[in-house]
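Taken in sequence, the protein lines are chains E and A.
Following the working numbering, the numbering of the first sequence begins with 165 at its first residue and continues without gaps.
Following the working numbering, the numbering of the second sequence begins with 479 at its first residue and continues without gaps.
Just so you know, even glycine gets a beta-carbon here, dropped at the ideal spot from N, CA and C.
Have a look at the structure below, then the notes.
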Amino acid sequence: MNYRMMGKFIYQILVIEWIFMIPALLISFYYHETHAVHGYLLSLAIIAGIILLLYLMCKDAPSGFYAKDGLTCVGISWIVMGLLGCLPFYFSGEIPAFIDAFFEIVSGFTTTGSSIVPEVEKLSMGILYWRSFSHWVGGMGVLVFLLAIASVDKRSSGYTMHLLRAESPGPDVGKLVPKMRRTASILYKIYIVITLLNIIFLLIGHMPLFEAVCTAFGTAGTGGFGVKNDSIAGYSPYLQNVCTIFMLLFGVNFSCYYLLLIKQFKNVFKDEELRLYIGIVIASIGLIVWNLRGFYGSMEETVRHAAFQVSSIITTTGFASTDFDLWPGFSKSILLCLMLVGACAGSTGGGFKVGRLLFLLKNLRRNILQVIHPRKVQVVRNNNRVVREKVLDNVNAYLAAYVMIIFISFIIISIDGFSITTNISAVFACFNNIGPGFEAVGPTCNFASYGVLSKLVLILDMLAGRLEIFPILVLFSRNTWTRA
Amino acid sequence: MNIIVAGDGKVGSALVRQLSSDEYNITLIDSNPRVLENTIEQYDVMAVTGNCATMDVLSEAGVEDADLLIAATSEDEINLLCCFTAHGMNPKIKTIARVRNPEYHEQTHKMKDSFGLSFMVNPDFQAAVEIERMLKFPVSLKREYLSNGHFEIIELKIDEKSSLKDVQLKDLNNVIKCSVLVCIVMRDGKAIAPMGDFTIRTGDRVYVTAPIESLSTLLTNLNMVTYKVRRVVVCGGNRISYYLAKRLQKTGVSVEIIEKDYDRCLLLANDLPEASIIHGDAGSQTLWRSEKIDQCDALITMTGLDELNIIISLYGTSNHVPQVITSIGHMFNSNIVNDLELGSVISPKELCSSQIVSYVRAMRNQTGAALSVHPFADSHAEALEFRVDETTMYCGQALKDISLKKGILIAGIKHAVLKQGISTEIPNGNSSFHPGDILIVVVSGNQEIYQLNEIFVS
C-alpha cells in the first residue's frame with residue numbers, strides 16, 4: 165500500500181473541495197447569513213490545516229500505484245471529502261447533529277438526495293448552495309475533475325486508469341481519447357455545457373436564478389436536493405417538463421455525447437444500452453399512465469407526473485413533482501423496480517445500470533441456449549462487439565455484492581422498527597442514490613427519524629452505490645491493510 | 479502528435495514505455511485483449527482490440543487523424559498490410575513497418591517508393607550490425623555510437639581490478655591520460671550526475687563520452703587488451719546469426735553457428751557457404767568442450783531462451799573468452815542481469831524501439847529537433863545530437879559563461895571548421911560552438927528536451 169501517494173491524492177482532492185467551498189462562503193456573505201459565514205470560515209480553516217499537514221507529510225511520495233491502491237484511494241478520499249464537507253452544516257448550527265450533517269453531505273456527494281432536513285426552506289442560502297453543489301461535483305466525480313486539471317508524471321501515468329475505473333460507473337470503463345487528461349476534460353466540458361443549458365431553460369420559465377442554479381445542480385448530478393419543501397411540485401408544468409427532459413439527458417452515457425460531437429451519429433442511435441434505456445422509460449410511463457387513469461384531473465397532468473416520476477427514479481435523481489406515495493400499488497411497484505435498474509453506465513446516475521442489466525440478460529439468454537444446445541459455442545455481443553468474459557464475470561460478481569449489501573443493510577436498519585416497505589425502500593433509495601423511498605421515507609418525509617447505526621449503514625450504502633461497491637468493499641478487507 | 483502502435487508485443491510495449499509522455503497521444507492495437515489490459519494499466523494510452531490490418535479497426539483507432547503508424551506485430555505480412563491499408567485511408571500518415579524476413583528486407587527501397595512506406599526497421603539486421611560493431615573493439619563494453627560514429631558513449635564497469643577504482647573525477651583524465659567526459663554514474667540502480675569531487679567505487683557503472691580517436695588510447699590506459707577477432711562462435715541459428723555471419727564472412731572472420739534444429743542448420747548451410755554450421759544443443763556441456771567454446775575469440779549467445787543465453791555466457795566468461803555478447807529479450811536493463819558476468823548485453827527489441835523513438839522524435843519537430851536520440855544508462859539518461867544554427871543562443875561564447883539547466887551536459891562538440899587540426903572535442907570551460915557544429919547533449923532525470931535552445935537556463 166502506497167500510503168504517501170494516497171495522502172498526496174487526498175490533499176489534492178481537499179484543495180479542490182476547499183476552492184469549491186469559496187463560492188458558498190461568498191453567497192453567505194452576500195445574503196448576510198452570519199451563522200453560515202462563521203461555519204464556512206471555520207471549516208475552510210480546518211480543511212486548510214489538514215491540507216498543509218498532508219502536504220508536508222506526503223509531498224515527495226514515491227511513484228507506483230496499483231489497482232488495489234487506486235480502489236482504496238477512491239474509497240478513502242470520498243469518506244474524507246464527506247467528513248470535511250459536512251463541517252459547514254455542523255458549525256453553522258443549521259444541522260446540529262454531526263451524524264446528520266455527515267449523512268446530508270454524503271447524500272449530496274453521492275448524488276442520492278436523501279435528506280434529514282425536515283424544512284429545507286429554513287436553511288440559509290449559503291448552506292443550500294453547498295448542499296446542491298455537492299451533487300454537481302459528486303455527479304461526475306471529483307477525482308475525474310482532478311484528472312482533468314492535474315498533470316501526472318510519466319512513470320506513474322497508468323494509475324489514472326484505476327482512478328477513472330473506480331469513480332466512473334459502468335461495467336466496462338474506457339477512455340474516449342488516448343490521454344486521460346483530455347478524456348476527463350472532455351467529460352467535464354460536456355457536463356458543464358448541458359448544466360448551463362439546463363439553467364438557461366429553467367430561467368426561461370421564470371425560475372429565480374438561485375433556485376435555477378441549485379435545481380440544475382441537482383438535476384445534473386442526478387442528485388435530487390431541491391430548495392423547496394415540496395421539491396419540484398410547486399413549479400409550473402413547463403419547469404417540471406424541463407426537469408424531466410434534463411434528468412433523462414443526464415442519465416445517458418456521456419460517451420454518447422462525445423460520439424455526437426465527433427459526428428458518429430450512427431453509433432449513438434445503434435447503441436443497445438441507450439435503446440434499452442429509452443425503451444424502459446417509455447414502457448414504464450405507458451404502464452403508469454394506464455394505471456393512473458382518473459387519478460388526476462386531466463390526461464396532460466397524468467402524463468406529466470408519470471413521465472417526471474419515471475425519469476426521476478430511473479436516473480436516480482429523486483425529485484418529486486407529486487406525492488407518488490399516494491399512487492396505486494401497481495405504479496409504485498413499477499417505480500420500485502426502476503429504482504433497481506438505474507441509469508446508463510458512464511452517466512451521472514446511480515443504480516445497477518442499464519448496461520449491466522443488458523449484459524445480464526444477454527448472459528442469461530446464452531445460458532438458456534446452452535442448455536438446449538450443449539455443444540453450441542457462443543459469445544456475448546454488445547453493439548456488435550464481443551464482450552470479454554472478464555467483464556461478464558465482473559457483472560455477475562457485482563450482482564452478488566449488490567444483493568448481499570441490500571440484504572445486510574435491510575436487516576440492520578430494521579432494528580429501528582419501521583415497516584418493511586419503509587426499510588426496503590430506504591435501502592434501495594440510498595444504495596441506488598435515488599433519494600426518497602416509500603411510506604416513512606417517502607417524497608414528503610425524510611430520513612431524520614432513523615437511529616445513528618442505521619444512518620451509518622445508509623451512509624456506507626450511498627458511498628458503495630456511487631462508487632460501484634468495490635472501492636468501499638476493499639476498505640473492509642484485511643488484505644488491503646496488510647503489507648503486501 | 480497522434481501515434482498508432484499496432485502490436486503490443488515486446489517492441490510495442492517498449493515503444494509505449496518510451497513514447498508515453500504528454501507530447502504523444504498513443505493508441506495501441508492488438509488482437510489479444512489480455513495483453514492490452516496489462517499495458518493500459520501501466521501507461522496512459524488507449525487500446526483497441528482487433529486485427530490491425532483491417533479498415534474497421536484502424537478507423538476505430540483513429541487512423542484519419544493519426545500522424546504516424548508503427549506496425550510492430552510479429553508478422554511481417556501483417557505489418558506491411560497494416561501500413562498499406564493505413565496509407566490508403568490517410569495518405570498523409572507516416573508509416574513504419576517492422577520487417578524481419580531477409581527476402582523482404584532486401585527489397586526495402588523499392589517498397590518504400592511504391593507503397594508509401596516511410597521507414598522500415600529490421601531488429602535482427604540492426605542487432606547484427608550492432609554486434610559487428612562491438613566485435614571491432616573486443617572488450618566487454620556497452621557502447622552507443624553518436625554523430626555517425628564520431629563520438630561514443632562507453633559504459634565502464636568498475637570492478638576490483640579496475641584502475642579507476644577510488645579515483646576522484648577531477649583526477650580522472652590524469653589516470654587515463656586522454657580526454658573523456660563522465661556523464662552519468664549508475665550506482666545501486668540509481669543514476670547520479672557526478673561532480674568533480676565524486677569518487678568512483680567498485681560496482682559503479684560509469685558512462686563516459688569519448689571521441690572515437692581516443693578510444694584505443696583509453697582502452698590501453700585502462701589495461702583493457704584489444705586484439706583482432708578471428709574465430710566467433712554463435713549459439714543459436716536465428717536471423718540475427720544469419721545477418722551477422724554474412725557480414726563477418728566479408729571481413730574474413732571464421733564463424734561457427736550452433737543450432738539445435740536440423741532443418742534450420744541445412745538452410746543456414748545453404749545460405750552461408752563459408753560458415754561452419756554445427757547441429758547440436760547449445761546447452762550441452764559436451765558440445766561446449768568438443769567445440770572448444772572456451773578457446774574462441776568471441777562468444778555470442780542468442781538462442782531464443784534468455785536463461786540458456788545467460789548460462790552459456792557465464793560459462794564463456796568463467797573460461798576467459800575475451801568477448802562475450804549476450805542477447806536478452808525480457809530482462810533487459812534489470813539490475814539482476816546487470817550484476818551478472820555476461821559480457822556485453824544487447825536486446826534486439828530495445829534496439830529496434832530506440833531506433834523508432836529516434837525517428838519519432840526527429841519527426842515531431844522538423845526544424846531544430848534532435849538529429850538522433852540515444853537512451854543509455856538503463857534509460858535513465860539520453861544523449862541527443864543537435865546541429866547548431868543561427869538561431870541557437872550563446873554561439874561563440876565560452877561554455878563556462880553559459881548556464882545550462884540542471885541535469886544537462888554538453889558532452890561533445892564536432893566542429894564544422896577544423897580547430898587546431900581536430901574536428902571532435904570533449905568540451906571544457908573554454909570551448910565554444912558555432913553555427914554548423916554538432917553538439918552532443920546528455921540529459922538525465924525525467925526531462926525531455928526537443929529543441930537545442932531548451933537546454934539553456936532562460
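Under the three-state reduction of DSSP, E/Phe193 is assigned to helix. Under a criterion of Cβ atoms nearer than 7 angstroms, the residues of chain E adjacent to A/Thr505 are, in order, Pro342. At a Cβ-Cβ threshold of 7 angstroms, A/Ala550 and A/Gly485 count as neighbours. At a cut-off of 7 angstroms between C-beta atoms, A/Met524 counts as an interface residue with respect to chain E.
For the C-beta of A/Pro511, the chain E residues within less than 7 angstroms are, from N- to C-terminus, Arg552. Annotated three-state conformation of E/Gln473 is helix, per DSSP. Residue pairing by DSSP places A/Tyr685 opposite A/Glu633, A/Ile662 in a beta bridge.
If you draw a straight line from the Cα of A/Pro800 to the Cα of A/Cys774, it comes to about 8 angstroms. A/Ile880: not part of any alpha helix (DSSP H); DSSP gives it neither H nor E. Going by beta carbons, A/Ala575 and A/Leu558 fall inside the 7 angstroms limit.
Fully contained in the segment 510-594 of chain A are the following alpha helix (DSSP H) runs of length 4 or more, in chain order: 511-518, 533-538, 554-567, 580-583, 586-593. Nearest neighbour of E/Leu367 by Cα position, chosen from E/Leu340, E/Val518, E/Ser400, E/Thr274, turns out to be E/Ser400. Of the candidates E/Met344, E/Phe173, E/Ile269, the residue whose Cα lies closest to the Cα of E/Leu620 is E/Ile269.
The C-beta of A/Pro689 has 16 or more other C-beta atoms within 10 Å across all chains shown, which makes the residue buried. Its Cα nearest to that of E/Ala312, the residue E/Thr347 stands out among E/Arg329, E/Phe267, E/Ser476, E/Thr347.
If you compare the alpha carbons of E/Val238, E/Ser278, E/Ile426 with that of E/Val638, the shortest gap goes to E/Val238. Sorting A/Thr677, A/Leu862, A/Arg717, A/Ser909 by C-alpha distance to the C-alpha of A/Cys743 places A/Arg717 at the top.
For E/Lys339, the neighbours in chain A by C-beta distance under 7 angstroms run, in chain order, Met524. For A/Val921, there is no enclosing alpha helix (DSSP H); the residue is found in the beta strand (DSSP E) stretching over 916-922. Linking A/Gly487 to A/Ser552 through their CA atoms gives a straight-line distance of about 8 angstroms. For A/Thr764, the enclosing alpha helix (DSSP H) has its first and last residue at 763-768. Ranked by Cα distance from A/Tyr521, the first of A/Leu497, A/Met479, A/Asn510, A/Ala531 is A/Leu497. Under the three-state reduction of DSSP, E/Ile444 is assigned to helix.
Residue state for A/Ile609 is assigned as helix, using DSSP reduced to three classes.
If you check the CB distance, A/Cys560 and A/Ala531 come in under 7 angstroms.
DSSP assignment within the segment 783-861 of chain A yields the following whole alpha helix (DSSP H) runs of 4 residues or more, N-terminal first: 784-796, 813-817, 826-842.
Just measuring C-alpha positions, the residue of E/Leu490, E/Met221, E/His196 sitting nearest E/Met170 is E/Met221. Spanning the alpha carbons of E/Arg439 and E/Gly515 requires a straight line of approximately 18 angstroms. When secondary structure is reduced to three states using DSSP, A/Lys648 falls in the helix class.
Our two residues, E/Phe173 and A/Tyr721, have alpha carbons roughly 52 angstroms apart in a direct line. In this model, E/Leu525 and E/Cys501 are separated by some 16 angstroms (Cα to Cα).
Here A/Cys661 is near A/Val920, since their CB atoms are less than 7 angstroms apart. Taking a 10 Å sphere around the C-beta of E/Leu528, we find fewer than 16 other C-beta atoms and assign the residue as exposed. Only residues of its own chain outside the window of five on either side were considered, and among them Val733, Leu750, Ala753 have a CB closer than 6 angstroms to the CB of A/Ala723, listed in chain order.
A buried status is given to E/Gln404, since no fewer than 16 other beta-carbon atoms sit within 10 Å of its beta-carbon.
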